[in-house]
Every structure is written in structure tokens, then in C-alpha cells.
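Here's the structure we're looking at; comments come further down.
There are 2 protein chains.
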Amino acid sequence: MRLFNKVAIIGTGLIGGSIALAIKKKRLANEVIGVSRHKKSLLLAKRKGAIDRGSQALNIIKDADLLILATPVNTIIRLAPRISKFIGKDCLVSDVGSTKEEVVFRLEKLFTNYIGSHPLAGSEKRGILNAHPDLFRDSLCILTPTRNTNNKALNKLNLLWNRMGAKTVRLSPQAHDKILSFVSHLPHIAAFCLMAVIPGAYLKFASTGLKDTTRIAASEAELWTDILLSNRENIIKSLELLQANMSRLKSALQKEDKQLLVKILKKAKEKRNKLDLVTSKLVTSNS
Amino acid sequence: MRLFNKVAIIGTGLIGGSIALAIKKKRLANEVIGVSRHKKSLLLAKRKGAIDRGSQALNIIKDADLLILATPVNTIIRLAPRISKFIGKDCLVSDVGSTKEEVVFRLEKLFTNYIGSHPLAGSEKRGILNAHPDLFRDSLCILTPTRNTNNKALNKLNLLWNRMGAKTVRLSPQAHDKILSFVSHLPHIAAFCLMAVIPGAYLKFASTGLKDTTRIAASEAELWTDILLSNRENIIKSLELLQANMSRLKSALQKEDKQLLVKILKKAKEKRNKLDLVTSKLVTSNS
């Protein structure tokens with residue numbers, strides 16, 4: 030079932046490209062348009078069948094009834110005022126940025142039917158080459174409506190994500206950013222810092238433990254700098270908790286307090302086992 | 030080709046069981062004997078074809094010409110004096126403990142032909158049920174000879190690991206423990222501490238990033254307490270470096286120093302890319 034006539038996607042990278050591919054695969058729109066500042070990305074998106082037409086110029090998005098902003102958060106914020114000039118007031122608008130408070134605050138003022146999205150899918154790999162129509166299957170997508178949100182628009186956005194295979198959950202932009210500072214931004218910081226301190230000559234002695242723990246340290250530096258800066262207050266708080274926890278473990282080591290160490294590690298292990306349970310439940314409920 | 034007549038393995042868990050299975054599969058010995066304090070583990074090891082005979086009593090290891098100590102480090106140290114009474118002076122002895130300085134120091138005094146091993150294989154899963162004859166294929170095994178080491182014994186131990194599919198590298202026990210504090214123990218601490226600080230209610234919002242980063246936090250608490258304690262001086266030093274690095278990143282965030290953040294993240298990403306290169310080279314050279 031076609032949900033939209035003309036879909037415009039700004040930023041045809043991993044996430045934007047995968048949305049385009051999913052919309053095409055599920056036949057959710059008559060036409061998918063891509064905008065990118067990279068000509069090559071548009072060519073690849075077209076060759077992959079993700080978009081029908083692409084352009085580096087914004088005016089191609091005119092008359093779209095769904096607009097997805099899929100560039101990094103700071104680019105979304107920078108481009109939004111110009112983009113809004115091409116967009117009619119009935120167009121459903123969403124973004125896929127990794128932080129929400131600032132972007133929702135700004136975009137709500139520019140677009141009548143804007144609601145933030147954050148699909149918890151993706152990887153450290155980027156670009157249209159890694160895009161996949163099934164990227165969102167069995168994943169979770171957070172929607173961040175506010176008291177200004179139009180309910181009909183929210184339901185339609187919800188339906189779009191469901192059709193692309195994602196289960197949705199609703200959070201306020203504030204709650205989203207606080208939670209993500211723990212479950213996403215903090216692990217990235219841990220991975221980046223781990224890689225930073227390990228001497229290069231020791232890398233050849235790494236086994237799968239280090240590799241898995243630091244896989245996300247291969248994420249793009251500019252993109253992650255923007256994410257960290259745009260959520261810095263929450264991140265500083267969660268980082269301070271992590272540092273305090275590490276100091277507690279260090280002190281137990283210094284005192285050779287075996288009992289306390291076992292207690293700390295056991296609690297972490299139990300929570301890690303729970304993590305597998307709550308996230309596999311999600312997959313089950315979608316499949 | 031049979032390298033040994035009677036192999037005795039003390040501790041028939043994931044690593045001990047996998048060594049037994051690999052020796053059986055490659056026909057490297059006439060007989061494989063298992064010792065465990067868990068009767069069930071011995072029964073399972075026998076049913077899996079890992080051992081020919083098993084016992085909870087140590088005297089079954091008499092006349093072995095290869096002895097592998099595959100219990101946690103502190104158990105190795107505790108049992109070694111009793112074990113040494115059953116072992117002839119020609120028997121090749123090794124262990125698979127995750128830290129080496131203390132265990133090598135003690136075991137060299139008890140066994141004429143002892144050399145430490147540390148196979149960089151395994152997982153957060155434990156027990157004979159997860160043992161596999163190919164666990165060591167394309168993996169790296171660190172051998173820790175000292176100036177007391179008999180060269181013939183070292184070559185034979187080297188050959189054993191090669192036959193089980195592992196490439197070997199030699200390090201002093203001191204260098205081993207320093208390097209492992211960075212590439213293995215520190216990532217475990219990061220994973221344990223990450224899990225500790227993430228509120229339980231937030232877990233359902235986790236995506237693959239957090240799951241990969243904390244997979245090793247599901248490791249056994251008692252085992253890891255022993256590993257951390259037995260290498261605590263090196264670990265405290267590497268942990269302090271990690272904490273300093275996190276403070277530096279936090280300060281860049283607080284100052285909104287975008288340039289410094291990009292620099293920190295880029296350097297980490299480059300090292301992470303190098304990690305894939307140096308470790309995949311290892312796999313290539315073995316396969």
C-alpha cells in the first residue's frame with residue numbers, strides 16, 4: 030500500500046539510503062527523491078534502485094509529502110531553514126538524528142508536521158554502499174513527539190517505521206537524550222578511549238574481546254564529535270558515573286578486596302545477561 | 030603423528046576440554062586423561078570424546094608425558110604442589126592461565142619442564158559444553174619461556190599448539206602480563222563498569238553497539254576477579270591511563286572543543302582500523 034506520493038530524502042548515506050531502499054522494496058511511495066552534496070552517492074543510490082531521481086540542489090524536494098532528514102544532526106540544523114522554504118505545510122517531516130532535544134526544538138518551529146525519529150539500527154560502517162532495505166527489520170525506532178505534535182502525523186510516521194520492519198517506542202526528546210547518553214554515547218566513548226590508550230605495538234595480541242569491545246570506535250570521527258557535542262550535558266553526567274565506577278573498582282583492586290570485586294563483577298554480569306533477554310524479546314515480538 | 034603417549038588435563042572446562050578435543054581430533058596422543066572436581070564435567074567430557082578416562086582424584090595423572098593445567102590461575106597455584114608429586118621429571122608441563130608472572134614463578138620451581146601458555150581464544154561462555162576441537166584454529170597462543178626453560182621442551186610445546194591450529198609467539202611472563210592488562214583486562218573492566226552504570230530500565234533501548242561493547246561483561250565473576258587480582262599492578266596502571274584519557278575527552282566536551290574531539294576520535298578510529306589489519310593478517314598466515 031502506497032503511504033506517500035513523493036518521498037524526499039536528504040542525505041543518501043547508510044540510514045537515508047536504507048530508508049529509500051525499504052520504501053522502494055515495500056512499495057510505500059510512488060516516487061523517492063534523493064538529495065546529497067555528494068554526486069557519487071546519488072549515482073550509487075540510483076544504481077542501487079534506492080531513488081528514482083537525485084539532485085545536489087534542494088528545489089527537487091518540492092511537493093514531497095514525506096521528507097526525511099538523514100544527514101548528521103548539525104547539518105540538519107544548519108540546512109533546515111532553507112529546506113523549510115520548499116516544503117508545504119501538509120508534508121510529514123522527520124529526521125533520523127542520534128540526539129533529539131536540540132533538533133526537535135528547532136525543527137518544530139520550521140515544519141508544521143515534524144516529529145523526530147531515531148532508528149536504533151546502523152553500524153560503524155557508513156554510506157550508500159552499506160545501505161540495505163532490511164536494515165530496520167526487528168529493530169527499535171524511537172519517536173519523539175511533543176505536546177505540539179499532530180496525532181495524525183504521528184500515527185502515519187509510526188506506520189511508516191512499522192512497514193519498514195521496526196517496532197516503535199515514544200519518548201520525549203529529553204528522555205531520549207538522557208537514555209541514549211547511557212546506552213549509546215557512553216559505550217562509544219569507552220570504545221574510543223580504550224583504543225586511544227592501547228599501545229599500537231600491543232594490538233597484535235588482541236583477541237575477539239578487545240575487537241568486539243571497540244568495534245564502534247571505527248565510527249566516523251566528525252559524525253561522533255557532533256553527536257557528543259549535541260548531547261554533552263547528559264554525556265558528561267553519565268561519563269562521570271562511569272569514571273566513579275572505575276575508581277571504585279580500582280580501589281577494590283588496590284585493597285585486594287576480593288569479595289567486593291566479585292560483587293561488582295557479578296552485578297555487571299547479571300545486568301549483561303538481562304540485556305540479552307530484553308533485546309531478544311524485541312526481536313521475537315517483531316518476527 | 031603422536032606427539033605424546035599419555036596426556037593429562039586438569040580442568041575439563043572450555044579451554045581444557047577444547048585442548049582435549051583438539052588432541053583427539055589430530056591424534057596427537059595415545060590417551061587423554063581428564064581431572065575435574067565436577068563429576069558432571071568429566072561425564073560430559075567423556076561423552077563428547079574429549080577424554081578416554083576421567084577422575085576427581087589426582088593420582089590418575091601418573092606417568093603422563095604431557096600435563097596441561099587448565100583451571101583458573103589461583104587454583105593452578107593452589108593445586109600445583111600436590112600435582113607435582115605425581116609428575117615425573119620428563120613430563121612436559123604447561124598451563125593456560127590468563128596471567129603469567131606469578132604462575133610461572135611458582136610452577137618453574139615445582140616442575141623441571143614447565144613453560145607457560147596463554148591461548149588467546151575462548152569466550153565469555155564456559156564449560157565443556159562449549160568446548161570445540163577447532164577453538165584454537167587461526168588463534169594466537171603466547172608462550173612464556175624464561176632463562177630456565179629447556180629448549181627441547183619449548184619446541185615440543187610450540188609444536189603442540191601449532192598442531193592444534195594456533196600460531197605461537199614468545200613473551201617474557203612480565204611482558205605478557207603488561208600487554209594483556211591493556212588488550213584483555215582493561216576491555217573487561219570497561220565492559221563490567223559500563224554495565225554497572227547503565228540503569229536497568231534503559232537496557233531495552235540498547236542496540237548492537239552496547240551489546241558488542243559489553244559482551245565480555247557476561248564473563249564469570251569469580252574467574253575474572255582472580256585474573257584482575259593476579260595482575261593488579263599492571264591493571265591499575267593501564268586503568269589510570271584510561272581514566273586520564275576519559276578526563277581529557279570530558280574536558281574537551283566541557284569546553285566544546287570540536288577540533289580536539291575530532292582529533293581524539295580520529296586517532297582512536299585509525300588505531301581501531303589498524304587492529305583489524307594486524308589481527309586479520311594473523312588469520313591469513315595460519316589458513
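Line by line, the protein sequences are chains P and E. Letter by letter, the first sequence follows residues 30 to 316 of my numbering. Letter by letter, the second sequence follows residues 30 to 316 of my numbering. Positions of the beta carbon are idealized from the N, C-alpha and C atoms, including for glycine. Since the model is a prediction, treat every value here as computed from it, not as a measurement.
Chain P contact for W253 (chain E) (CB, 7 Å cutoff):
When Cβ-Cβ separations below 7 Å define contact, W253 (chain E) makes contact with chain P.
Thinking C-beta only, is K138 (chain E) closer than 7 Å to T173 (chain E)?
At a Cβ-Cβ threshold of 7 Å, T173 (chain E) and K138 (chain E) do not count as neighbours.
On the premise that I97 (chain P) lies in contact with G45 (chain P), defined as a C-beta separation below 8 Å, what is that separation, rounded to the nearest angstrom?
That belief holds up - the Cβ atoms of G45 (chain P) and I97 (chain P) are roughly 7 Å apart, short of 8 Å.
Specify the secondary structure class of P148 (chain P) as computed by DSSP and reduced to three states.
Note: P148 (chain P) maps to strand in three-state DSSP.
Check each residue of the region 194–225 of chain E: if its Cβ is closer than 9 Å to any Cβ of chain P, include it; give the result in chain order.
For the region 194–225 of chain E, residues whose beta-carbon sits nearer than 9 Å to a beta-carbon of chain P comprise V198, L200, H205, K207, I208, L209, F211, V212, S213, L215, P216, H217, I218, A219, A220, F221, C222, L223, M224, A225.
In chain order, what residues of the same chain lie with their CB nearer than 8 Å to the CB of V312 (chain E), ignoring the 5 residues before and after it?
Its pLDDT being 45, under 50, V312 (chain E) is placed unreliably by the model, and nothing is read from it.
Is the CB of V307 (chain E) under 7 Å away from at least one CB in chain P?
True, the Cβ-Cβ gap to chain P drops below 7 Å.
Would you give the residue range spanned by the alpha helix (DSSP H) that V125 (chain P) belongs to?
Careful: V125 (chain P) lies outside any alpha helix (DSSP H) and carries neither H nor E.
Output the boundary residues of the alpha helix (DSSP H) element that contains F134 (chain P).
Under the DSSP assignment, F134 (chain P) falls in the alpha helix (DSSP H) whose first and last residues are 130–139.
DSSP puts E60 (chain P) in a beta bridge; with which residues?
DSSP lists P:K35 as partners of E60 (chain P).
Going by CA-CA distance only, name the one from E:G156, E:G117, E:A160 that's closest to N142 (chain E).
Nearest in C-alpha terms to N142 (chain E), of all of E:G156, E:G117, E:A160, is E:G117.
Secondary structure of I171 (chain P), DSSP reduced to three states:
Reduced to three states, the DSSP call for I171 (chain P) is strand.
Run through chain E and tell me which residues come within less than 7 Å of I144 (chain P), C-beta to C-beta.
Result: empty, since nearest Cβ-Cβ is about 18 Å, beyond 7 Å.
Going by DSSP, what residue range makes up the alpha helix (DSSP H) through G83 (chain P)?
No alpha helix (DSSP H) contains G83 (chain P), which is instead part of the beta strand (DSSP E) from 82–84.
Go through its chain and collect everything with a Cβ distance to R66 (chain E)'s Cβ below 8 Å, but skip five positions before and after it.
For R66 (chain E), where only same-chain residues beyond five positions count, the Cβ hits under 8 Å are Q85.
Using 8 Å as the cut-off, can you tell me whether the region 230–248 of chain E makes contact with the region 152–170 of chain P, which would need three or more C-beta pairs spanning the two stretches below that distance?
The answer is yes - the region 152–170 of chain P touches the region 230–248 of chain E, with three or more Cβ pairs under 8 Å.
Of the residues E:V307, E:A160, E:Q272, E:K303, which one's Cα is nearest the Cα of K75 (chain E)?
Nearest C-alpha to K75 (chain E): E:A160.
Using the rule of at least 16 other Cβ atoms within 10 Å of the residue's Cβ for burial, across every protein chain shown, is F165 (chain P) buried or exposed?
With 16 or more other Cβ atoms within 10 Å, it is buried.
Helix, strand or coil: which one does DSSP assign to I256 (chain P)?
Per DSSP, reduced to three states, the secondary structure at I256 (chain P) is helical.
Can you pull the chain P residues whose beta carbon is under 7 Å from the beta carbon of P228 (chain E), in chain order?
Ordered by position in chain P, the residues that pass the 7 Å Cβ test against P228 (chain E) are F211.
CB contact below 7 Å: F134 (chain P) versus chain C:
Protein chains P and E are contained in the structure displayed, whereas chain C is not.
With DSSP as the reference, label T242 (chain E) as helix, strand or coil.
Here T242 (chain E) carries a helix assignment [DSSP, helix/strand/coil].
Have a look at P:P101, P:I90, P:R261, P:K35 and flag the residue whose alpha-carbon is nearest the alpha-carbon of S248 (chain P).
With distances taken between Cα atoms, S248 (chain P) lies closest to P:P101.
9 Å Cβ cut-off: residues of chain P touching E285 (chain E):
The answer, in chain order, is L258, R261.
How is T100 (chain P) classed by DSSP in three states: helix, strand or coil?
Coil.
Limits of the unbroken beta strand (DSSP E) element including K196 (chain P)
Start and end: 196–199.
Which value, in whole angstroms, describes the spacing of the CA atoms of Q288 (chain P) and E251 (chain E)?
In this structure, the CA atom of Q288 (chain P) is about 9 Å from the CA atom of E251 (chain E).
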